[in-house]
Amino acid sequence: MASGPRSQIGGFITDPTGRSFWFSELFLWDDFQALHLDLKPDLQKSITCLETLAQIALLLMTSKYFPGHRMPICLKSLSDNTGAEASSNKLFSVNRPLCYFLERLCLLSAQTNMEIDVGHIPGHDNVLADNLSRWDFNSSPPGGMQLSDRVRMPLKELWRDHQKPGVFPPECHVPWPLPK
């Protein structure tokens, strides 16, 4: 959802037992500016970037609940935005700022050993995800979702580098500087 300087993303994953984990986060244009993301002040004009951000959130949330797997996992996802669907599957665009969102999705995919396969869902069938992206944070969560199953996805968490090189044990000495 995007309207003027406000946007909200929402989504959910359901594990094999039927339990759902979900997110709903509100972001303002200023939040994107603080991270040097050059989105238009009317965030509706950057809806494909926001839909791609929701795919990033789905992949990150899935990686938190299925860590340390040995085989690659393919997350089957849905989107009612054809631009986000196509670009998330190709992981390529020459259009800025969408290319930066796709870069983050690609890096997260490589770091988590998970890929995402985004299929299309018609807007009229995308009821739960749309309701999560419009939730008012005061009423009960939509679709019977439980507050205890909500996963917070702050923008800084979605945009940060998730893995950095390090040395273990910490007292070891490496004769060269580690990359930042």
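Residues in the sequence shown are numbered from 22 upward in steps of one, following my numbering. Note that the Cβ used here is the ideal one computed from N, Cα and C, for glycine as well.
For the set M174, A55, Q76, the Cα lying nearest the Cα of S130 is the one of Q76. Excluding its 5 nearest sequence neighbours in each direction, K97 has C-beta neighbours in its own chain below 6 Å: D138, listed in chain order. Classified as buried, G32 has 16 or more neighbouring CB atoms from the shown chains inside 10 Å of its CB. For I142, the secondary structure class from DSSP, reduced to helix, strand or coil, is coil.
For R171, DSSP records a beta bridge to W43.
Within the DSSP secondary-structure output, A23 pairs in a beta bridge with S28.
According to the DSSP secondary-structure assignment, I137 is paired through a beta bridge with L96. Taking the Cβ atoms as the reference, P118 lies roughly 6 Å from L58, within the contact range of under 8 Å. Separation of the CB atoms of L123 and W43 is rounded to 24 Å, and the pair is thereby denied contact status at 8 Å.
When the alpha-carbon of D36 is set against those of S45, F48, L79, the nearest one is in L79. In the structure shown, F122 falls within a helical segment according to DSSP collapsed to helix, strand and coil. Between the alpha carbons of K85 and S109 lies a gap of roughly 20 Å. Here L176 really is in contact with D52; their C-beta atoms are around 5 Å apart, less than 8 Å. As the crow flies, the alpha-carbon of D63 is around 24 Å from that of R181.
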